[in-house]
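Residue numbers (my numbering): 135 to 286.
Ideal Cβ placement from N, Cα and C applies to all residues, glycine included.
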């Protein structure tokens with residue numbers, strides 16, 4: 135009986151942590167792509183957009199926990215990019231409905247997808263975020279993408 139009680143407590147505690155961790159916007163990230171492009175033009179920065187399923191996609195959850203929420207990542211990436219998270223949660227139908235047109239427009243085929251845009255909205259790189267599961271790897275990939283963009 136004790137094992138069942140501990141399991142129930144653990145499950146409820148984990149569910150509470152996950153739901154509270156993903157119920158708020160990440161610090162340093164915008165959730166409004168149109169405003170981000172306006173800001174990008176002002177600051178002459180590219181835009182990094184992460185398409186995520188924050189409450190149902192295991193790689194998305196891992197990336198948020200291990201990379202996107204880390205101060206080191208936010209500080210490093212936001213020096214060069216405007217950061218945008220477009221979420222498609224199963225638990226928030228309104229948010230998903232609001233973001234669905236972006237998934238269609240940019241032909242998102244899986245999560246977590248990251249697209250890098252110039253300030254005018256032209257895509258210059260696309261990849262699955264989970265290819266770079268550590269902050270230093272992800273930041274290095276962003277630097278490489280910027281270098282390739284400058285060569286084009």
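- Minimum Cα-Cα distance from residue 196 among the listed residues 280, 276, 238 and 262 corresponds to 262.
- Distance between residue 237 and residue 225, taken at the CA atoms: about 17 Å.
- Counting C-beta atoms within 10 angstroms of its own C-beta, residue 174 has 16 or more neighbours from the protein chains shown and is therefore classed as buried.
- According to DSSP, residue 247 shares a beta bridge with 185 and 262.
- Linking residue 281 to residue 206 through their CA atoms gives a straight-line distance of about 21 Å.
- Within the stretch 160-223, the complete beta strand (DSSP E) segments at least 3 residues long are 181-186 and 216-221, listed from N- to C-terminus.
- Taking 7 Å as the cut-off, the beta carbon of residue 210 is found closer than this to the beta carbon of residue 273.
- For residue 216, the closest of 184, 264 and 232 by C-alpha to C-alpha distance is 184.
- With respect to the 7 Å criterion, residue 200 and residue 220 are not classified as neighbours on the basis of their beta carbons.
- In this chain, residue 240 is not harboured by any alpha helix (DSSP H), its DSSP state being neither H nor E.
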